[in-house]
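Each position in the sequence shown, counted from 1, maps to that position plus 526 in my numbering. Beneath this line is the structure, given in structure tokens, with notes to follow.
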Amino acid sequence: MPPNGPPPWSILVEAIESLSAARTLERIIEIVRLAARDISGADGVTFVLRDGDLCHYVDENAISPLWKGQKFPMSACISGWAMLNKRTAVIPDIYVDPRIPHDAYRPTFVKSLIMVPVRVEDPLAAIGAYWANHHLPNAHETALLESLARATAISLANVSLESSLRAATAQAVTQAEEIRAAYAEVKREAMQRQQTEEQLRQSQKMEAIGQLTGGMAHDFNNLLSVIIGNLDLLLSEKENDPTTQELAGHALEAALRGADLIRRLLAFARRQPLQPRRVDVNELVRKLAMLMQRMLGEHIKVELDLSGDVWPVIVDPAQLETSLANLATNARDAMPQGGRLRIATANRYLDEDYAARYAEVIVGDYAMIEVTDSGMGIPSHLIGRIFEPFFTTKAQGKGTGLGLAMVFGFIKQSGGHINVYSEEGMGTTFRLYVPRALDEAQEPDAVPEKTAAIGKGEAVLIAEDNAEVRRVAAMQLTSLGYRVLEASDVSAALKALESNQVDLLLTDIIMPGGRSGYDLAHAALARWPALRIVLTSGFPDAMGKDEPAMAKLPMLNKPYRKDDLARALRLALEGPPPDQAS
């Protein structure tokens, strides 16, 4: 403290007043580094901030440079000791105190020091005062510096709170401005936000179900593969008595219904295997309308209003037909006394405003299919739930609650969007938006209905980790006239290919040991380019995902029938090699 200067307590009071008005960390440090030196009469002071496990010497006020800007481990400096031990360190002779890293102090003027932690209960900083001569701060000097440290802690907390408040306020203002810019009026804004939140919740629910069902599908499809495969083999036995044939037939029907249930679950979870191709929407609707009229009966009239220039789309036509049939079935149930079912098509451009109101919608051109009934309508308190899986208003046993969920999942999986408009007593309108096909997609080659399915003694290697699935597949192929080799993992399969003449590799995609069926196919084709390969999987996410090089290889979904397996192998064996496939 300069001679004839203000007393230390007066400097402390002034510093506390200044700290109460400080609004930034920089201002706090400036106040403390000046006040601490005047209060203590020291030759230098430092302000240290805790930075994780380091002490950051952020500023100083001294007769010569100390450690400004440097960082040291908490365990290797006295400021760290003060913070870790939550108490003041008073050191009259630094070179006899074991807590001091002497080598760091030798280039400096420091002989004595005091280090005071800031916020004793959970220190986040420290204030250090240093003397060029041996000096033992008395209790009064220590108390003044500790009071300054307490005031500093309060000021730091205030700055942190104010900073958080300013950030929250700025964020709220920004959000409010964005909302005002996006929506013209409060009522419309509230309705749209509610709609977006509901769609997001629905999307998250569907995604969660998809993750669950995707994992379940692999295991269930393997189980069903074993059941269906064994029943197919049993039914092919000519020695069976009629009772055995009948019982096995009933069991197979039940197993196939189980497989269909898995496919339906995968549909609403957006994980069903699809076979998209270029589709003329109007042509598909015209053909389906005739079937719908017979399905719905004479008391419901099917009307078409088709635009003449509807854009083509890339979609799985069978699943699109199923989706429209589901909507027609729901419409029939909503019109027990009869009515009208109107199907319209048109081109639509979904713009930025529309995309802002509906989750997952991408701006662009869409072909729209509109299905409208004159039925009872959907109550407003239920319309937000109609796409939920297993939700139904029908009597128990009259519906699964999967129909609309399947439509929702299929349209979303196809990159499209579905919307519903309904009023009680006024009917319901569903609008399906499917992205416009922008390229001239090549039509897939027609698959002959009757393919010679019997083997000709070719050698087939089955790579499948599930022993029961592998055993059933081997029995099926043997009964079809193939020679069969088996492998339970990729390494064993490659060894079998090395030591045997193999005509076709039938491999599961999900394999143990960190290598997949894709890895096996890549390695096999690199060595034997003419080798025929058929991929199979009970896990839909594995089918072709992130593997464009595998897109040309035939895929067989589990569970498959013996006839499906036979047909897939003959098509692969009689078609061109993978390296020549178009």
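Quick reminder that beta carbons are idealized off the backbone N, C-alpha and C, glycines included. As the structure is a computational prediction, the values presented were derived from the model and not from experiment.
Check, Outcome
"Could you give the residue range of the alpha helix (DSSP H) that holds P534?", "P534 to A547"
"What are the residues that DSSP puts in a beta bridge with C581?", "R576 and F598"
"Hey, Q939 and L761: beta-carbon distance below 8 Å or not?", "no"
"Which class does F746 belong to by DSSP, given the choice of helix, strand or coil?", "helix"
"How big is the Cα-Cα spacing for V836 and D806?", "8 Å"
"Who are W657's beta bridge partners in DSSP?", "S638"
"From T954 to L832, what distance separates their C-alpha atoms?", "19 Å"
"Note down, one range per segment and in chain order, each beta strand (DSSP E) of at least 3 residues found wholly within the segment 996-1076.", "1009-1013, 1030-1034 and 1058-1063"
"Note down, in chain order, each residue of its chain lying with its Cβ closer than 7 Å to the Cβ of G864, except the 5 sequence neighbours on either side.", "H825 and I826"
"So V960 packs on V841, CB below 8 Å; how close in whole Å?", "6 Å"
"State yes or no: is the C-beta of A942 within less than 8 Å of the C-beta of Y892?", "Note that residue 942 corresponds to Gly in the displayed sequence, not to Ala. Closer than 8 Å, so yes."
"Quick one: what's N587 bridged to in DSSP?", "V571"
"Anyone know if the C-beta pair for R901 and M861 falls short of 8 Å?", "It is worth fixing the name first, because residue 901 is Gly in this sequence and not Arg. Result yes, Cβ atoms of G901 and M861 sit closer than 8 Å."
"Helix, strand or coil: which one does DSSP assign to I909?", "helix"
"Output needed for D991: all residues of its chain with C-beta closer than 8 Å, excluding positions within five of it in sequence on either side, in chain order.", "S1014, D1015, D1034, I1036, M1037 and P1038"
"Do you know whose CA, among N1083, L1051 and A1052, lies nearest T1062's CA?", "N1083"
"Name the two residues that bound the continuous alpha helix (DSSP H) containing N856.", "P843 to A860"
"Does the beta-carbon distance from T682 to A561 come in below 8 Å?", "According to the sequence as given, residue 682 is Leu; it is not Thr. No, these two residues do not count as a Cβ contact at 8 Å."
"Helix, strand or coil for L958? Go by DSSP, reduced to three states.", "strand"
"Buried or exposed: where does M717 fall if 16 or more other Cβ atoms within 10 Å of its Cβ makes it buried?", "exposed"
"Residues in its own chain within less than 6 Å of G1101 by CB, not counting five upstream and five downstream?", "none"
"How would you call L1110, buried or exposed, if buried means at least 16 neighbouring beta carbons within 10 angstroms?", "Lying outside 527 to 1108, the shown extent of the chain, residue 1110 is not represented and no answer is given."
"Would you mind sorting P533 into buried or exposed? The rule is 16 or more other CB atoms within 10 Å of its CB.", "exposed"
"Going by the CB atoms, is the gap between R576 and P649 shorter than 8 Å?", "yes"
"Kindly indicate the opening and closing residues of the alpha helix (DSSP H) around G606.", "I604 to N611"
"On the three-state DSSP scale, how would you describe A870?", "strand"
"Roughly how many angstroms lie between the CA atoms of R632 and W607, to the nearest whole one?", "19 Å"
"Since H628 is in the alpha helix (DSSP H), which residue starts that stretch and which ends it?", "H628 to Y631"
"Using the beta-carbon count (16 or more within 10 Å), is H776 buried or exposed?", "exposed"
"Is M717 helix, strand or coil by DSSP?", "helix"
"Taking the C-alpha atoms as reference points, what is the distance between V646 and I640?", "15 Å"
"Count the other CB atoms, across all protein chains shown, that sit within 10 Å of the CB of A677; report buried if there are 16 or more and exposed otherwise.", "buried"
"Report all residues from its chain with a CB closer than 8 Å to the CB of L1051; omit the five preceding and five following residues, and keep chain order.", "L1057, I1059, P1104 and D1105"
"Does the distance from the CB of E667 to the CB of S566 come in under 8 Å?", "yes"
"Within 10 angstroms of the Cβ of W535, are there 16 or more other Cβ atoms? Answer buried if so, exposed if not.", "exposed"
"Give the secondary structure of I754 by DSSP, where H, G and I count as helix, E and B as strand, and everything else as coil.", "helix"
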